[in-house]
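**Student:** I am attaching a structure below and will ask some questions about it afterwards.
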Amino acid sequence: MSDTEHSDSQTASSDTETDSGAGAGTAAAPTTGALLADASAALGFWGAAVSAGLDGTGRALRGPDGRCWVELAAPPERAAVLATAIGGLPFARRADAWYAVHASGQVIDALPLAAEPEPTPAPSATDANGARVLYTGAHRERLDPDAWTELDARALLAACALRAVPLQPQPIIDVLIPAGLVRWTIEGALRRGLELELTPAAWQPAATARAASEGWMWLRMRRPGGRVSVAWQRALIDLPGAAVARPARGGGARLLIDLRHRAAVDEPVLARLLSGDALASAGASDDRPTSEPELPVSWLLAGPELGAGRILARGAWLPAHALLPGQPPTHGQPPTQAQTPTQPPAPAADASGVPEQASLAPVAVGLRRLSQHAGPATTDAVLVDEHEHGWLSRYLLARGLGETLYVVPGERRALLLSVGADLAALPFGTPLRRIGPGALFIDQTRALNPALPEVARARLFGMSDSVAVVLTDAAAWRFRLGKLAPAWTLWLGPGPSIRDAHDECVIDLRRMAAGTERLARPAVAKSEPARFRMSSEIQPAAGAPVSLEERARLRTEAATALLRGETVRAAEKLERAGEALSAARLFERAAREREGA
1 MSDTEHSDSQ
11 TASSDTETDS
21 GAGAGTAAAP
31 TTGALLADAS
41 AALGFWGAAV
51 SAGLDGTGRA
61 LRGPDGRCWV
71 ELAAPPERAA
81 VLATAIGGLP
91 FARRADAWYA
101 VHASGQVIDA
111 LPLAAEPEPT
121 PAPSATDANG
131 ARVLYTGAHR
141 ERLDPDAWTE
151 LDARALLAAC
161 ALRAVPLQPQ
171 PIIDVLIPAG
181 LVRWTIEGAL
191 RRGLELELTP
201 AAWQPAATAR
211 AASEGWMWLR
221 MRRPGGRVSV
231 AWQRALIDLP
241 GAAVARPARG
251 GGARLLIDLR
261 HRAAVDEPVL
271 ARLLSGDALA
281 SAGASDDRPT
291 SEPELPVSWL
301 LAGPELGAGR
311 ILARGAWLPA
321 HALLPGQPPT
331 HGQPPTQAQT
341 PTQPPAPAAD
351 ASGVPEQASL
361 APVAVGLRRL
371 SQHAGPATTD
381 AVLVDEHEHG
391 WLSRYLLARG
401 LGETLYVVPG
411 ERRALLLSVG
421 ADLAALPFGT
431 PLRRIGPGAL
441 FIDQTRALNP
451 ALPEVARARL
461 FGMSDSVAVV
471 LTDAAAWRFR
481 LGKLAPAWTL
491 WLGPGPSIRD
501 AHDECVIDLR
511 RMAAGTERLA
521 RPAVAKSEPA
531 RFRMSSEIQP
541 AAGAPVSLEE
551 RARLRTEAAT
561 ALLRGETVRA
571 AEKLERAGEA
581 LSAARLFERA
591 AREREGA
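Counted from 1, the sequence shown has number 331 at position 331 by the UniProt record's numbering; the numbering is strictly sequential.
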């Protein structure tokens with residue numbers, strides 16, 4: 001950082017000392033900011049900065065549209081490239097104002113973001129209402145403090161993505177299970193020679209502000225001089241409602257991570273976030289009376305069944321034998337959800353023997369990563385974001401693919417579909433596959449967890465003939481199929497000015513040309529029957545549309561049918577449009593789909 005910039009940051013430190021988050025009173029004022037798509041990107045940017053050895057002290061805000069603002073006490077010359085790499089727009093604080101910068105840290109002179117730019121006012125980091133003011137070239141954006149709220153550790157942890165990993169023997173594991181499964185679990189652990197301690201606990205999800213749910217038991221298992229086997233881990237994971245985790249590296253027992261996953265952010269970095277000496281404080285109470293003694297509390301990053309949240313101990317750790325009943329031990333298979341003692345009795349059955357009412361605890365539906373060899377062979381669609389949208393226009397313009405591709409525009413996203421070209425060759429975007437019903441797409445490398453039948457998918461995602469839904473790790477997106485348009489509309493601009501040439505000379509030439517055409521038209525042989533003569537004059541060639549407008553309409557209908565999974569209907573439309581090669585490819589694809597079904 002130059003001497004001038006250093007003096008600027010020192011001057012601004014007194015004004016922003018209260019905005020630096022936890023532990024910022026003794027740290028330098030934030031000098032780098034980033035405007036990011038969502039909380040997951042905000043956590044990724046902060047984690048990357050800390051992992052790179054930068055000062056991670058700062059704060060994070062989330063706006064009403066889901067975007068996040070992160071500011072750190074790190075030099076823009078080193079932090080801006082990280083924000084750009086994760087898809088955000090970096091800013092640097094210069095002379096008490098936030099200015100957009102390139103990945104190199106240099107201020108952007110002009111970047112058109114609106115049709116009519118506003119005049120640049122006098123530089124100011126905040127306005128009279130305390131809102132942060134961001135300058136991007138000649139444009140300005142206000143982060144209203146009433147709309148942009150603090151993003152605390154709970155929200156950031158809930159946004160942390162998980163990556164599937166194989167199970168490994170562990171020196172210690174933590175298990176959160178319903179109380180009705182404790183007896184079988186204790187007996188199984190003791191038979192395997194494990195040391196076990198447990199305590200009553202409550203579960204508080206991070207994604208909601210609801211009170212913690214009671215009725216859980218928190219168990220901690222270890223094998224003296226060894227590790228807990230993978231077979232026992234699998235048995236615990238298969239228990240209904242159970243979460244099985246391990247202590248995070250560098251976090252001790254304060255942060256637990258599901259055995260089947262690893263966090264997308266370095267575990268020591270996440271542990272620092274939860275320590276309070278980082279981007280944001282924990283921001284959540286322990287949800288217990290203040291008169292109680294200090295009890296264990298751990299954050300848990302579980303799978304899609306539970307998600308992220310906190311385990312709140314409701315008492316001290318107990319040895320396992322304290323809960324062993326004076327009855328013969330239960331051997332064999334673990335109990336099912338319906339066999340647990342804490343479950344209510346089954347509802348009365350009608351004459352057919354089927355209960356009148358039956359309900360289970362709701363299970364959150366998420367995505368899981370497919371194995372390396374389970375991916376589909378074709379790409380049905382591609383999701384592009386607002387940054388890739390500009391690249392797409394230039395890519396299509398240079399390769400002449402605008403006639404074979406269709407786009408469904410949305411807010412900061414677009415859905416790309418092909419009726420003839422191979423989308424797998426597109427060098428950017430998120431490849432998608434259609435899982436149905438209708439235009440329901442999912443990341444090509446993901447699958448629903450748990451798997452759902454078609455009727456359940458239609459109900460859960462609100463599918464209809466007028467919408468397309470895209471599921472990714474980051475979010476789910478809904479598109480209106482009525483906005484489907486050819487891809488050439490992305491780059492088509494105004495044409496050259498056209499002069500009216502309908503003067504007398506041109507009219508005379510047209511009359512002469514019309515007369516010449518009539519003289520040159522070959523006469524129909526007299527021996528040809530009248531019915532064949534009429535057919536040759538009226539009927540067009542097989543498969544050829546009557547006009548360019550008709551051809552465009554058929555192509556659009558084919559694209560819409562393809563979005564809904566009606567491959568045969570799309571092929572028939574292309575065949576009527578005279579595009580035999582594209583139609584043949586779709587007929588072949590429909591045959592493969594039918595064989596696979």
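For every residue, glycine included, the Cβ atom is placed at its ideal position computed from N, Cα and C.
Does the separation of the CB atoms of Thr199 and Gly315 fall below 8 Å?
**Tutor:** Reading the sequence shown from its first residue, position 199 is the one you call residue 199. Reading the sequence shown from its first residue, position 315 is the one you call residue 315. Yes, Cβ-Cβ distance for Thr199 and Gly315 is below 8 Å.
**Student:** Can the beta-carbon of Arg564 be found closer than 8 Å to that of Gly438?
**Tutor:** Start at 1 with the first residue of the sequence shown, and residue 564 comes out as number 564. Start at 1 with the first residue of the sequence shown, and residue 438 comes out as number 438. Their beta carbons are under 8 Å apart, which means Arg564 touches Gly438 by this criterion.
**Student:** Quick check: what's the CA-CA separation for Tyr395 versus Gly410?
**Tutor:** For the purposes of this step, residue 395 is taken as the residue at position 395 of the sequence shown. For the purposes of this step, residue 410 is taken as the residue at position 410 of the sequence shown. Rounded to the nearest angstrom, the two C-alpha atoms are 20 Å apart.
**Student:** Per DSSP, what kind of secondary structure is Ile186 in: helix, strand or coil?
**Tutor:** As a working mapping, residue 186 is identified with position 186 in the sequence shown. Correct three-state label for Ile186: helix.
**Student:** Just verifying my parser: in three-state terms, what is the DSSP assignment at Glu305?
**Tutor:** In the sequence shown, residue 305 corresponds to position 305, counting from 1. Here Glu305 sits in coil by DSSP.
**Student:** Are Gln444 and Arg434 touching if we call contact CB-CB under 8 Å?
**Tutor:** Taking the first residue of the sequence shown as 1, we reach residue 444 at position 444. Taking the first residue of the sequence shown as 1, we reach residue 434 at position 434. Not closer than 8 Å, so no.
**Student:** Between Val408, Phe45, Ala447, Leu162, which lies nearest to Leu490 when the distance is taken from Cα to Cα?
**Tutor:** Within the sequence shown, residue 490 is the residue found at index 490, counting from 1. Minimum Cα distance to Leu490 is reached at Val408.
**Student:** Could you have a look at Gly495 and say whether DSSP puts it in helix, strand or coil?
**Tutor:** Against the sequence shown, residue 495 aligns to sequence position 495. Coil, per DSSP.
**Student:** Is it buried or exposed for Trp218, if we count other Cβ within 10 angstroms and need 16 for buried?
**Tutor:** The count along the sequence shown starts at 1 and reaches residue 218 at position 218. Buried, by the Cβ-count rule.
**Student:** In terms of residues, what are the limits of the alpha helix (DSSP H) holding Thr418?
**Tutor:** Stepping through the sequence shown from its first residue, residue 418 is reached at position 418. Note on residue identity: the sequence assigns Ser, not Thr, to residue 418. That residue, Ser418, is in no alpha helix (DSSP H); its beta strand (DSSP E) goes 413-418.
**Student:** Round the Cβ separation of Ala583 and Glu575 to the nearest angstrom and send it over; I've been treating them as touching at under 8 Å.
**Tutor:** Here residue 583 is taken as the residue at index 583 of the sequence shown, counted from 1. Here residue 575 is taken as the residue at index 575 of the sequence shown, counted from 1. Right, their Cβ atoms sit about 4 Å apart.
**Student:** Measure the C-alpha to C-alpha separation of His321 and Val469 and round it to an integer number of angstroms.
**Tutor:** For the purposes of this step, residue 321 is taken as the residue at position 321 of the sequence shown. For the purposes of this step, residue 469 is taken as the residue at position 469 of the sequence shown. Cα-Cα distance, rounded: 52 Å.
**Student:** What alpha helix (DSSP H) runs, 4 residues minimum, are completely inside the region 59-95?
**Tutor:** Counting only runs of 4 or more, we get 76-85.
**Student:** Since I believe Leu255 is in contact with Asp174 (beta carbons under 8 Å), could you give me their beta-carbon distance rounded to a whole number of angstroms?
**Tutor:** As a working note, residue 174 is residue 174 in the sequence shown. As a working note, residue 255 is residue 255 in the sequence shown. Asp174 to Leu255, Cβ: 11 Å. No contact.
**Student:** Using the rule of at least 16 other Cβ atoms within 10 Å of the residue's Cβ for burial, across every protein chain shown, is Phe428 buried or exposed?
**Tutor:** Mapped onto the sequence shown, residue 428 falls at position 428. So Phe428 counts as exposed.
**Student:** Work out the CA separation of Ala39 and Leu54 for me, nearest whole Å.
**Tutor:** Within the sequence shown, numbered from 1, the residue matching residue 54 stands at position 54. Within the sequence shown, numbered from 1, the residue matching residue 39 stands at position 39. One C-alpha to the other measures close to 20 Å.
**Student:** Roughly how many angstroms separate the alpha carbons of residue 598 and Ala155, rounded to a whole number?
**Tutor:** With the chain covering only 1 through 597, there is no way to say anything about residue 598.
**Student:** With C-beta atoms as the reference, is Val265 less than 8 Å away from Gly44?
**Tutor:** The residue given as residue 265 occupies position 265 in the sequence shown. The residue given as residue 44 occupies position 44 in the sequence shown. Yes, they are a contact pair.
**Student:** In terms of residue numbering, what span does the alpha helix (DSSP H) encompassing Gln233 cover?
**Tutor:** Residue 233 sits at position 233 when you count from the first residue of the sequence shown. Start and end: 230-237.
**Student:** Only counting the same chain, and skipping five residues up and downstream in sequence, which positions put a Cβ closer than 8 Å to that of Ala280?
**Tutor:** Mapped onto the sequence shown, residue 280 falls at position 280. Below a pLDDT of 50, predicted positions are generally treated as unreliable, and Ala280, at 46, falls in that range; no measurement from the model is reported.
**Student:** When burial is assigned at 16 or more other CB atoms within 10 Å of the CB, is Arg223 buried or exposed?
**Tutor:** By 1-based counting over the sequence shown, the position of residue 223 is 223. Per the 10 Å Cβ criterion, buried.
**Student:** On a CA-only basis, which of Thr31, Pro296, Ala179 is nearest Asp71? Give me that one, please.
**Tutor:** Working through the sequence shown from its first residue, we reach residue 71 at position 71. Asp is not the amino acid found at residue 71; the sequence shown has Glu there. Minimum Cα distance to Glu71 is reached at Thr31.
**Student:** Just to confirm my understanding: we take Tyr99, look at its own chain, exclude 5 residues before and 5 after, and list those with CB closer than 7 Å. What are they?
**Tutor:** Indexing the sequence shown from 1 puts residue 99 at position 99. Contacts found: Phe91, Ala92, Val107, Tyr135.
**Student:** Kindly identify the DSSP beta-bridge partner or partners of His261.
**Tutor:** Residue 261 sits at position 261 when you count from the first residue of the sequence shown. BP columns for His261 point to Ala164.
**Student:** When burial is assigned at 16 or more other CB atoms within 10 Å of the CB, is Pro424 buried or exposed?
**Tutor:** For the purposes of this step, residue 424 is taken as the residue at position 424 of the sequence shown. One point to set straight first is that residue 424 is Ala, not Pro, in the sequence displayed. So Ala424 ends up on the exposed side.
**Student:** Hey, could you find the ends of the alpha helix (DSSP H) Ser51 is sitting in?
**Tutor:** On the sequence shown, residue 51 is found 51 positions in, with the first residue counted as 1. Counting along the chain, the alpha helix (DSSP H) containing Ser51 begins and ends at 39-51.
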